[in-house]
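Structure record follows, encoded as structure tokens.
Residue numbers (the working numbering): 1391 to 1639.
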């Protein structure tokens, strides 16, 4: 009798529990744990499984049938393409706006602003791959608009995602162009503004509007819609703001 009750209990739990798979742009990796914790306060029976990567590579995986339910991109281009291909259920909507920063592991004199990258002491500059990472594309745009690209493009060290670029900026390069959100990670508290990092003038690049979509594979998953709605909620916006993003109030 005891075994039967245990089996019934397990069956009931499994009926109510739901797993959702979300593809998340690497720049959100620093905020995603806080987002999931907040989401699970009101959705305790929904298990959120996260796959991180560059938006371009995640999009390629989705197009090739990867079993994702929700896609949080670092731009609008990739979710727009998924919607046009009828892989996404609804038009993408902006959940946050990201921004660029320049990071140095060593203390620097940032009085020159972005022009510090032309210093002869700066031998290697980490940037995200502009072909697959929206923050890499924004970096190239900023450098061209600042008339610096031709002067420094031989110094580039490419990361396949913005999180890898952060790692390169700390371990393998003199400077790195990174997502500002990464600086709000507890692991990055040692880095100080105007000493280890500065903002990149937002006038130098197109706003990094980050889009979210629900994918067709989630059609029968209520948890996916609940997570999507949460990401657009006031609670989630507060978390994004805490990680340096801009949000629509």
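Note that CB positions come from ideal geometry on N, CA and C, so glycine has one too. As the structure is a prediction and not an experimental result, all values here were calculated from the model.
Could you check whether residue 1515 and residue 1526 sit closer than 8 Å to each other, using their CB atoms as the reference points? Residue 1515 is positioned such that its CB atom lies no closer than 8 Å to that of residue 1526.
Around the C-beta of residue 1610, are 16 or more other C-beta atoms found within 10 angstroms, so that it is buried, or is it exposed? Under this definition residue 1610 is an exposed residue.
DSSP three-state assignment for residue 1470, whether helix, strand or coil: The answer is helix: DSSP assigns residue 1470 an H, G or I state.
Per-residue DSSP class, three states only, for residue 1448: Here residue 1448 sits in helix by DSSP.
Helix, strand or coil: how does DSSP classify residue 1595 here? Residue state, collapsed to three classes: coil.
For residue 1409, which residues of its own chain have a beta-carbon under 7 Å away from its beta-carbon, when the five flanking residues on both sides are left out? These residues qualify, in order along the chain: 1437, 1439.
Beta-carbon within less than 8 Å of residue 1622's beta-carbon, same chain only, minus the 5 sequence neighbours each way: which residues are those? The answer, listed in chain order, is 1483, 1485, 1602.
Please name the residue, chosen from 1497, 1455, 1553, that lies closest to residue 1524 on a Cα-to-Cα basis. Residue 1553 is the option with its Cα nearest to residue 1524.
Rounding to the nearest angstrom, what Cα-Cα distance links residue 1419 and residue 1442 in this structure? Rounded to whole angstroms, residue 1419 to residue 1442 spans 7 Å at the Cα level.
Ordered list of beta strand (DSSP E) runs contained in the region 1412 to 1445, each at least 3 residues: Runs of the beta strand (DSSP E) inside the region 1412 to 1445: 1436 to 1443.
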